[in-house]
Amino acid sequence: NAGVTQTPKFQVLKTGQSMTLQCAQDMNHEYMSWYRQDPGMGLRLIHYSVGAGITDQGEVPNGYNVSRSTTEDFPLRLLSAAPSQTSVYFCASSYSGGVYGYTFGSGTRLTVV
Amino acid sequence: KQEVTQIPAALSVPEGENLVLNCSFTDSAIYNLQWFRQDPGKGLTSLLLIQSSQREQTSGRLNASLDKSSGRSTLYIAASQPGDSATYLCAVLKETSGSRLTFGEGTQLTVNP
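Protein chains in written order, with the numbering used here: chain A, 84 to 196; chain B, 66 to 178.
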């Protein structure tokens, strides 16, 4: 049972480049979400999904796109990377809307130069 | 808007000491509160989950309490060990938040041998 798997673990991008951060879970959780963690700001919600085909914006959605074509996968797309998107990104999943707790991935450390 | 505060921001103790980490939240309408541990450069590991109807949860040397009406939770660590050194985060799941977690900024704990 792998839990929540994020790839890549590290990435360096140039300003303006695009990329996709991958997230997969094997627990059949319907809820999946993306957070970013920045010093002094804590973890903030970017986008979330309550099931396949359903996504919604979180607290800091600008510059990011998501889609949910399957229950297992929830990729996060950076459309045109900016230095302000330098951060650590975490994917999380839960059953029944988090009532039984959330499981987090190991994170992707992204640097935009 | 739900706000979560953790005090202290950093704590350094000698090995063997019992310690308490504090978490407070402004809106008492929560489903649950989850305590996580984060090691440097790593993901979030769930330690304890307390439902809004519960007063406390225990796992090994860890005990978490919840006073929903006053908006407070404490994480008690007994007989601390150097391996307990990490950042401890609390997160609340609000009843009408669309299943999003609101995090505190964490307490960075160092246990000295």
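Each residue gets a CB set at the ideal place from its N, CA and C atoms; glycine is no exception.
This one's a predicted model, so the numbers in the text were calculated from it and none came from an experiment.
Exercise. Taking Cβ-Cβ distances shorter than 7 Å, what residues in chain B pair up with Phe-187 (chain A)?
Worked result: As a first step, residue 187 (chain A) must be located in the first sequence, where it is residue number 104. Ordered by position in chain B, the residues that pass the 7 Å Cβ test against Phe-187 (chain A) are Gly-108 and Leu-109.
For this session: Answer yes if the segment 164–177 of chain A comes into contact with the segment 134–151 of chain B, meaning at least three C-beta pairs across the two stretches below 8 Å, and no otherwise.
Result: For the pair of segments examined, the segment 134–151 of chain B was found not to touch the segment 164–177 of chain A: the number of CB pairs separated by less than 8 Å stays below three.
Problem set entry | Neighbourhood of Thr-91 (chain B) by C-beta distance below 7 Å, restricted to the same chain and skipping five residues each side | Your numbering for residue 91 (chain B) matches position 26 in the second sequence. The residues are Gln-67, Glu-68 and Gly-136.
Exercise. For Glu-142 (chain A), which residues of its own chain have a beta-carbon under 8 Å away from its beta-carbon, when the five flanking residues on both sides are left out?
Worked result: Here residue 142 (chain A) is taken as the residue at index 59 of the first sequence, counted from 1. Closer than 8 Å at Cβ, skipping near neighbours: Arg-127, Leu-128 and Ile-129.
Problem set entry | Reference Leu-161 (chain A), options A:Ser-179, A:Ala-107, A:Val-87 and A:Leu-193, closest by Cα | Position 78 of the first sequence holds residue 161 (chain A). Comparing Cα positions, the closest option is A:Leu-193.
Exercise. By the 10 Å Cβ neighbour count, where 16 or more other Cβ atoms means buried, how is Asn-145 (chain A) classified, buried or exposed?
Worked result: For this step, residue 145 (chain A) is matched to residue 62 along the first sequence. Counting the other CB atoms within 10 Å of its CB gives Asn-145 (chain A) a total below 16, which places it among the exposed residues.
For this session: Quickly, what does DSSP pair Ser-111 (chain B) with across the bridge? List them, please.
Result: For the purposes of this step, residue 111 (chain B) is taken as the residue at position 46 of the second sequence. Its beta-bridge partners are B:Phe-101.
Exercise. By Cβ distance below 8 Å, which residues in the same chain neighbour Leu-96 (chain A) in space, the five residues on each side in sequence not counted?
Worked result: In the first sequence, the residue the question calls residue 96 (chain A) occupies position 13. So the list reads Met-102, Leu-161, Ala-164, Leu-193, Thr-194, Val-195 and Val-196, once near-sequence residues are dropped.
Exercise. Which of the three DSSP states, helix, strand or coil, is assigned to Ser-186 (chain B)?
Worked result: Chain B is shown only over 66 to 178; residue 186 (chain B) falls outside these bounds and no answer can be derived.
For this session: Please go through the segment 116–147 of chain B and give each complete alpha helix (DSSP H) segment of 4 or more residues, from N-terminal end onward.
Result: none
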